[in-house]
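Below is one structure, written out as structure tokens, with a few remarks after it.
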Ligand code: ADP
Ligand code: MG
């Protein structure tokens, strides 16, 4: 073909299921030496499901009322965990109440007014002050030990229940980690907003040893900047609103298309449209080959 090498690389990447937004993007991908992977929606399928409903003693809620309350607050959110909660409520034909004054904080959770009560559903580590209860901690620890993501439901400042949520590892996660390790000479790092226990368990399954958990969006950016200050060129792979700042800060950013939030897709340099993680190392390799032809 007479097409310039970087343009053919874009076309080849497209055939493999990765949409690169420009020739510059294609060129930069071939330079990366460090990979940071998000957990939920990136290493995992991003279609999590509710496994545990644990109303807290003294809360007046049963399993169903807890789920309905959480789903009402989560309804406007596009986060994969929110969709898991709403799906679980739908499967039980629960009626959802209107969510007023809805706000969502990336990496933390959501808050809304439900029937006049302020309801927060979110990460145990980032509950709104005052965090009065201690009793949810034990349930959270138990669920996290079992590899679940625990989200706490807080009503008018009081924790009233905990939901356990599970997510399947992508079938090609371990092979992708191995391929990226071969390409860059070092294993990828896991960057996640989720809890340390669930993150470490999943990392061990795919061959990742460096894990940074409990991160807010700006903490993911700080990790990227720390490595780039050491002269490294970082590829970030993520799917969420919480990944967008890190996708923008990195040398290269790739978003997972299927589960990905609009903001992540817009911010990333390239999008995995075929929903296979294994396309990523193959496209990095493509880019390296194309760069050799250009130079
Ligand atoms: P990851 O970095 O693994 O993709 P996120 O940063 O998106 O995860 O989320 C981090 C944590 O924040 C979740 O594990 C959860 O505890 C909490 N969280 C974020 N959004 C929501 C939500 N809509 N509902 C409940 N919890 C949430
Ligand atoms: Mg994610």
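Numbering (the UniProt record's numbering), first residue to last: 305 to 599.
For every residue, glycine included, the Cβ atom is placed at its ideal position computed from N, Cα and C.
Proximity test, residue i beta-carbon vs the ligand MG heavy atom, cut-off 7 Å
{"i": "residue 420", "result": "no"}
{"i": "residue 345", "result": "yes"}
{"i": "residue 342", "result": "yes"}
{"i": "residue 566", "result": "no"}
{"i": "residue 573", "result": "no"}
{"i": "residue 413", "result": "no"}
{"i": "residue 468", "result": "no"}
Any non-hydrogen atom of the ligand ADP closer than 7 Å to residue i Cβ
{"i": "residue 378", "result": "yes"}
{"i": "residue 425", "result": "yes"}
{"i": "residue 498", "result": "yes"}
{"i": "residue 453", "result": "yes"}
{"i": "residue 440", "result": "no"}
{"i": "residue 373", "result": "no"}
{"i": "residue 555", "result": "no"}
{"i": "residue 445", "result": "no"}
{"i": "residue 385", "result": "yes"}
{"i": "residue 381", "result": "yes"}
CB of residue i within 8 Å of CB of residue j, strictly
{"i": "residue 462", "j": "residue 427", "result": "no"}
{"i": "residue 576", "j": "residue 484", "result": "no"}
{"i": "residue 373", "j": "residue 459", "result": "yes"}
{"i": "residue 525", "j": "residue 492", "result": "no"}
{"i": "residue 573", "j": "residue 558", "result": "yes"}
{"i": "residue 543", "j": "residue 345", "result": "yes"}
{"i": "residue 473", "j": "residue 497", "result": "no"}
{"i": "residue 422", "j": "residue 414", "result": "no"}
{"i": "residue 563", "j": "residue 540", "result": "no"}
{"i": "residue 392", "j": "residue 354", "result": "yes"}
{"i": "residue 499", "j": "residue 518", "result": "yes"}
{"i": "residue 333", "j": "residue 591", "result": "yes"}
{"i": "residue 551", "j": "residue 516", "result": "no"}
With 16 other Cβ atoms within 10 Å as the buried cut-off, status of residue i
{"i": "residue 381", "result": "buried"}
{"i": "residue 452", "result": "buried"}
{"i": "residue 465", "result": "buried"}
{"i": "residue 330", "result": "buried"}
{"i": "residue 307", "result": "exposed"}
{"i": "residue 561", "result": "buried"}
{"i": "residue 566", "result": "exposed"}
{"i": "residue 402", "result": "exposed"}
{"i": "residue 513", "result": "exposed"}
Identified DSSP bridge partners for residue i
{"i": "residue 368", "result": "Residue 368 is not bridged to any residue."}
{"i": "residue 560", "result": "576"}
{"i": "residue 458", "result": "424 and 463"}
{"i": "residue 408", "result": "414"}
{"i": "residue 469", "result": "354 and 453"}
{"i": "residue 541", "result": "341 and 558"}
{"i": "residue 403", "result": "418"}
Residue i Cβ short of 7 Å to the ligand FMN heavy atom set
{"i": "residue 546", "result": "Here the bound small molecules are the ligand ADP and the ligand MG; the ligand FMN is not part of this structure."}
For the segment 473-521, which segments carrying the beta strand (DSSP E) assignment without a break, of at least 3 residues, lie completely within its bounds, in sequence order?
493-495
Could you tell me which uninterrupted alpha helix (DSSP H) segments, each at least 4 residues in length, are contained entirely in the segment 311-394, listed from first to last along the chain?
Runs found: 327-333 and 367-378.
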